[in-house]
Amino acid sequence: MKHTPIILALSLLLTACSRHDAEFTKQIPGVWRQEVHPKLPGSYTNTLTIVPDGTFAYSRFTTKADTTFTNAGTWLIRGGRIVLTATTRSGTHPLSLGELFKAEIVYLDDHTWVFKMDDGHTNSFIR
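Numbering of the sequence shown is given in the numbering used here, commencing with residue 1424 and proceeding in unit increments.
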């Protein structure tokens, strides 16, 4: 009986995480963009298309054609974090296959998605 409060607290935490995961899973599909140094040489645009069926395509278009590529694969949300796993790649210098991206979802609405990477950096996409 002395562990009952701990078990109850963990149960409530898991329920809250599951509810947020379900909300994020409904909200996140769509086309997201990120422009990096748009007015400088070597600038690029990242485009992430997240499909409700659990697949994604990530493309980087640069002002230098030698680093334009696409990765595609699967995505899932668990514990308030999104994980993208690349299963295919094409173009010049695509990212590696396997776990491509893992980040905590800090904020998500119809137009802005803010995320925090494992290294502590916060970044965002817009649509």
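Ideal placement from N, C-alpha and C gives every residue a C-beta, glycine not left out.
At the level of alpha carbons, what is the spacing between residue i and residue j?
| i | j | result |
| --- | --- | --- |
| T1448 | F1479 | 13 Å |
| H1443 | T1535 | 17 Å |
| D1532 | R1501 | 18 Å |
| I1430 | G1503 | Annotation note: pLDDT 49 at I1430 (below 50); position unreliable, coordinate value reported separately. Roughly 21 Å separates the two Cα atoms. |
| V1459 | F1538 | 16 Å |
| S1466 | R1512 | 21 Å |
| N1546 | L1520 | 22 Å |
| M1540 | L1499 | 16 Å |
| V1454 | I1505 | 15 Å |
Going by DSSP, which residues form a beta bridge with residue i?
| i | result |
| --- | --- |
| F1447 | Per DSSP, none; premise fails for F1447. |
| R1504 | R1501, E1527 |
| V1454 | T1472 |
| S1513 | T1493 |
| S1547 | V1537 |
| T1478 | T1497 |
So, is residue i buried or exposed, given that buried needs 16 or more other C-beta atoms within 10 angstroms?
| i | result |
| --- | --- |
| A1445 | exposed |
| H1544 | exposed |
| Y1481 | buried |
Determine the closest residue to residue i out of the options, with distance taken between C-alpha atoms.
| i | options | result |
| --- | --- | --- |
| T1497 | S1482, W1455, T1470, G1477 | G1477 |
| L1518 | A1526, A1509, K1525 | A1509 |
| T1515 | N1494, R1456, V1529 | N1494 |
| T1468 | G1453, T1486, P1452 | T1486 |
Tell me, to the nearest whole angstrom, how far the beta carbon of residue i is from that of residue j; I am working on the premise that it is less than 8 Å.
| i | j | result |
| --- | --- | --- |
| R1483 | T1472 | Going by Cβ atoms, the distance from R1483 to T1472 rounds to 13 Å, so no, they are not a contact pair. |
| F1548 | Q1457 | 5 Å |
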